[in-house]
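J.: Before I ask anything, here is the structure I am working with.
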Amino acid sequence: MSSSSAFNDDKGGSSSVGEPEYGHDPASGGIFSSDYKRHDDLKEMLDSNKDSLKLEAMKRIVAMIARGKNASDLFPAVVKNVACKNIEVKKLVYVYLVRYAEEQQDLALLSISTFQRGLKDPNQLIRASALRVLSSIRVTIIVPIMMLAIKEAASDMSPYVRKTAAHAIPKLYSLDPEQKDQLIEVIEKLLADKTTLVAGSVVMAFEEVCPERIDLIHKNYRKLCNLLIDVEEWGQVVIINMLTRYARTQFLNPNVNEALLEEGGGGDKTFYGSDEDEDEDEEEKENKAEAAAMAKRKPYVMDPDHRLLLRNTKPLLQSRNAAVVMAVAQLYFHLAPKAEVGVIAKALVRLLRSHSEVQYVVLQNVATMTIKRRGMFEPYLKSFYIRSTDPTQIKILKLEVLTNLANETNISTILREFQTYIKSMDKDFVAATIQAIGRCATNIGEVRDTCLNGLVQLLSNRDELVVAESVVVIKKLLQMQPEKHSDIIKHMAKLTDNIQVPMARASILWLIGEYCEHVPKIAPDVLRKMAKSFTNEEDIVKLQILNLAAKLYLTNSKQTKLLTQYVLNLAKYDQNYDIRDRARFIRQLIVPTEKSGALSKYAKKLFLALKPAPVLESPFKDRDHFQLGSLSHLLNAKAGGYQELPDWPETAPDPSVRNVEVKESVPEWTKCSSREKRKEKKVEKPFYSDSEGDSGPTESADSESDSASGSESISRSEGRGSGSESEESEEASVSEEEEDKPEKKTKKRELKKPVQESESEQSSEEEDRKHERKSKQRKSDSESESDEEEESESESSQSESEDSESAAEVKKKKKAAESKPPSKPVKKETKKEKKEMSLLDLDDFEPTPSPQVTPVNNLLSNSLVTDLEGLSLSDAVLSPATITPSSALKSFELLHRITGEGLSVEYCFSRQPFSPDANMVAVQMQFTNNSTSNTKNLHMEDVKLQSGMRVKEFPEIELLPAGETATAVMGIDFCDSTQAANFQLCTHTRKFFVSIQPPVGELMRPVFLTENEFKKEQGQLMGMNEITEKLTLDTKCRNEHVIVQRVTTAANLSRVPCGSDQECRFAGRTVTSGSLVLVTVATREEGAAQLTVNCEKMVIGTMLVKDILLALTQ
């Protein structure tokens, strides 16, 4: 960089805090020499070992960038710090790199491995920044790396990182459009995201990459409508614009049958104001023809999804962001029935109090709206009155709106306003006002004469521009009724001596020539004067002089023959080609010669033909074919990237494409916390008050009514649902209601039965598991007299069983009604109260430690446990901890006998709870002394762990005789990761470095879930938390028993009962955080299968899928 620019960059801003100042001494010449070191102190600070200095340097550099200074020469010094441990420094380094990565691509590429490491950083801000920098390096070589990074980030646990992934998609697409198909897959995945933070960004990516793929929106349409209110403002704008286009392709025009509606005919006239009589006649004919055609059609019924969109966008009219209000306004204008469009007027008028830039855009759109929907803005007429402080472009737009709103009732008020505006000092504004007066006179016949007289008075104005504009407008008005206004034509003829504005002179000459028979004495004299000054006139005036001469020659050749020839001779040698050409044309036409053709006979008809009066139209008349609020509409020209607004379809497309299957996503109303359910259950008597069964109302709504059946419990639960979603989710589809009716009837009958009986007969669907239910009934019968704490113990495992929960509620009610004394000792009661507290925590979906194994479980043999795996036993009977696969546990070598000099160590994961700490995984170690001498003091030292991990050491083995084997158990908290635990295994003579790395399947413990609970939990872990893989099962692995055996060997999970023979379900929770892990293996024909893993922790889910795939395919 040259020294001058360096001076501008640094010296110019030297007053700012902390920046180096150069050349204070003019004699030093420092300013002019190019050899001094720029930003030398910043480079030193960045190279220092102190994080505080680095942080200060980065703050100053980012401040420089914010002020627009060039800091690109610091790139090498900054990029070195990308691997800095300090989070704050790292964040600022990434901010810098995002700014300069595109300019310094080569240097940025050198650090690409660091950015890739940053993608795995525990801090979500670092992961997002690393992806942002990576996508800013515009080099095609790294496209595969970017693609991989975006795919990983799209599955990230942090919504902020997923949002950044959505932002990176258009960048990658612009760099390499061939990646479109892969990017569409990522967009499809992100569209299923339920986070408001991601929604706006992914829709923006959708609009940039594949706006034509409307099918991706179907399943997410209702979710986007419901999330809209909570999305950030600019995301709302993007989503609303996209949904406007979507709705135009999927719904019918709500105004299509307006001609058939009785109020439509009368309403239209008051809505739009009256038009010309001729227009009304034409419209009536058109309406009759349309009515005849539409009479055959069915009456219009709005699609409930169309209504959902209108209802959910309406509150956004109160947004503080003008762009959001404008987006909603255009949506209503393009999609809403005419009767409902009026709601946007007040919101748009509110925006007129904003900055002039916002006013300009809003008024452009209002001007377009007022042409078609005049009645909307009539109540707000005074809001469009012009202030003296308004900029000229705002004044002209307000004039446009006032002119569009003018009708017989308010024209007098508007004309009084216009009279005031004519006195303004702003000449452009005055000219626009005079044109507006002319338009009002054209459109409203009653005030035509008044306007004309007013404009004639303006002809005596001192300002030449005002007079000139008035002449142009009067000329247009006189064309409507010239015979009545010969006095005005005479008056204007006298103005030719004074007016110098070319357009005005040309207009006067055209009027005199066109209506020369009304002023026979004056016209030849005007031509005489014009012939004198012909050579000095402007081209536009010369052309009108030629026209005047031709017309006078044809009507009054005696007086004007010589004058016309003189003018034509002057024009013959004019400098302008058009004037010479016109002169030759006119001479041949009006002065017949032998050579002149047949046209000369029709000269009079050509020149003196009746000409239609000009129609003064709004310049905004044809702008509505552009989507309102778009740049194309503002410019009145198609801008790059503009998406055309589709026409309404003739027939409605299938609305069922927007239905979301229950399997894919359980309706959100099941997410209401159990505390709320408990409160409501205390009010309601029925036992089956929770509608958490397999079938339930979906969001698809074909009828506006609530549930058609008489079941109180179902309708009440639907009512509760409206708290978490919009009212749309209350509207259940008719077909599903009919299917639910028999089930609801059986439930009603069951309500009348005793509690214990109803426990055994839960629903008619589960007859094939009747024996299991009976065994459960016996257990619950024997415990029915006990108090509520006893029941809460059975619930204290991680599952949230609907059946056991409702049973507990019945017992609570019984206790309250009969006030029976507790049958258990006091000592046990205090212990159970603690567990009740953990149950309350569980209701809010917080993980709790798994319970210790109760003595009851020790009575169960291993083979019995295996037999009972598939049964739905209550949690108190069988703890998850007792479930172990029937096959032997897999052992891993920790220390080989050769490396260990005779000592060999193997370990296995025992899958038993580690009693000192429930959050630790129990690791059973087997020490074998293969040497001839005794081994003493076996213990652990120098444990090296990743952050968050913990180890409980095994007790020291004092003596291990030769040829003997000893066993010990240690506990490791792997913190839900597969990071290795490294430590030294020590004897009395040697130390051996060893490490234990767990398979992902050993980081979890089994939990019991019922089928309903499994479905409910699975419904809450959709989208980003679900991984699905297709596979072909190994030939030995085609039956259910082998599948269960292999899955439970690969992962420490318990079997979940399932009504289908085609599916095997498993459930567990991670040991440290208690995050739920759900596995489904669905078998198909010929060994094909589908593996689905639902897990809150996506990393664990991904790794588990790989392990289970390996187990099932080998």
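Numbered per our numbering, the sequence shown spans residues 13 to 1126.
Positions of the beta carbon are idealized from the N, C-alpha and C atoms, including for glycine.
Using the Cα positions of S1087 and E1029, report the straight-line distance between them to the nearest angstrom.
T.: 11 Å
J.: Per DSSP, D193 forms a beta bridge with which residues?
T.: D193 is not bridged to any residue.
J.: In whole angstroms, what is the alpha-carbon distance linking K1109 and P391?
T.: 57 Å
J.: Just confirm the distance between the C-beta atoms of K488 and G450, as a whole number of angstroms; I'd bet it's less than 8 Å.
T.: 6 Å
J.: Are there 16 or more other CB atoms within 10 angstroms of the CB of F597, so buried, or fewer, so exposed?
T.: exposed
J.: Kindly indicate the opening and closing residues of the alpha helix (DSSP H) around F389.
T.: Where F389 is concerned, the enclosing alpha helix (DSSP H) stretches over 386-389.
J.: Can you say whether D291 is buried or exposed, counting buried as having 16 or more other CB atoms within 10 angstroms of its CB?
T.: At D291, the pLDDT of 48 sits below 50, so the modelled position is not reliable; the number obtained from the coordinates is stated separately. By the 10 Å Cβ count, D291 comes out exposed.
J.: Which residues share a DSSP beta bridge with T1092?
T.: R1077, T1104
J.: Residues in its own chain within less than 8 Å of S738 by CB, not counting five upstream and five downstream?
T.: Residue placement at S738 is flagged as unreliable, the pLDDT there being 40, under the threshold of 50; a coordinate-derived value is accordingly withheld.
J.: With DSSP as the reference, label M158 as helix, strand or coil.
T.: helix
J.: Could you give the DSSP three-state label for H951: helix, strand or coil?
T.: strand
J.: Who are the near neighbours of Y397 in its chain, counting only those whose CB is closer than 7 Å to its CB and skipping five residues on each side?
T.: E429
J.: Nearest to S569 by alpha carbon, out of A543, P536, Q556, L558?
T.: P536
J.: Report yes if the C-beta distance between A357 and M314 is below 7 Å; otherwise report no.
T.: When the beta-carbon positions are compared, A357 and M314 stay at least 7 Å from each other.
J.: State the CB to CB distance for the pair V917 and M937, rounded to an integer number of angstroms; the pair is presumed to be in contact (CB under 8 Å).
T.: 6 Å
J.: Quick check on this structure: which residue in I162, A518, N942 has the alpha carbon closest to the alpha carbon of V173?
T.: I162
J.: Rounded to a whole number of angstroms, what is the C-alpha to C-alpha distance between L490 and C528?
T.: Rounded to the nearest angstrom, the two C-alpha atoms are 13 Å apart.
J.: Using a Cβ-Cβ cutoff of less than 8 Å, which residues in the same chain neighbour V198 once the five nearest sequence positions on both sides are dropped?
T.: I162, K163, A166, A177, I181
J.: Does the distance from the CB of L1033 to the CB of N931 come in under 7 Å?
T.: no
J.: Kindly indicate which residue of L950, E476, T990, D85 has the alpha-carbon position closest to the one of T999.
T.: L950
J.: Verify whether the separation of the beta carbon atoms of L360 and Q371 is less than 7 Å.
T.: no
J.: So, do the region 1075-1085 and the region 1050-1063 have three or more beta carbon pairs nearer to each other than 8 Å?
T.: yes
J.: Based on DSSP bridge pairs, tell me the residues matched to R1132.
T.: Here the chain covers residues 13 to 1126 and nothing more, so residue 1132 does not appear.
J.: Any contact of the region 144-162 with the region 122-132, i.e. 3+ C-beta pairs under 8 Å?
T.: yes
J.: Where does T911 sit, in a helix, a strand or coil, going by DSSP?
T.: coil
J.: Among all the DSSP beta bridges, which residues are the ones paired with E1038?
T.: In the DSSP output, where bridge partners are listed per residue, E1038 has N1106.
J.: Cutting at 7 Å between CB atoms, please list the residues of its own chain near G975, excluding the five before and the five after it.
T.: N941
J.: So for M4, helix, strand or coil by DSSP?
T.: The question about residue 4 has no answer here: the residues shown for the chain are numbered 13 through 1126.
J.: Counting C-beta neighbours from all protein chains within 10 Å, is the total for A205 16 or more, i.e. buried, or is it exposed?
T.: The displayed chain sequence assigns Asp, not Ala, to residue 205. With 16 or more other Cβ atoms within 10 Å, it is buried.
J.: In the structure shown, what three-state DSSP assignment does L628 receive?
T.: coil
J.: Answer with buried or exposed for P189, where buried requires no fewer than 16 other C-beta atoms within 10 angstroms of its C-beta.
T.: exposed
J.: Would you decide whether I252 is buried or exposed? Buried here means 16 or more other CB atoms lie within 10 Å of its CB.
T.: buried
J.: Determine the extent of the beta strand (DSSP E) in which C998 is found, giving its start and end residues.
T.: 993-998
J.: Can you tell which of S366, E369, L264, T421 has its C-alpha closest to the C-alpha of P349?
T.: L264
J.: How far does the beta strand (DSSP E) with R962 in it reach, from first residue to last?
T.: 962-964
J.: Apart from the five residues just before and just after D193, which ones in its own chain have a Cβ nearer than 7 Å to its Cβ?
T.: There are no such residues.
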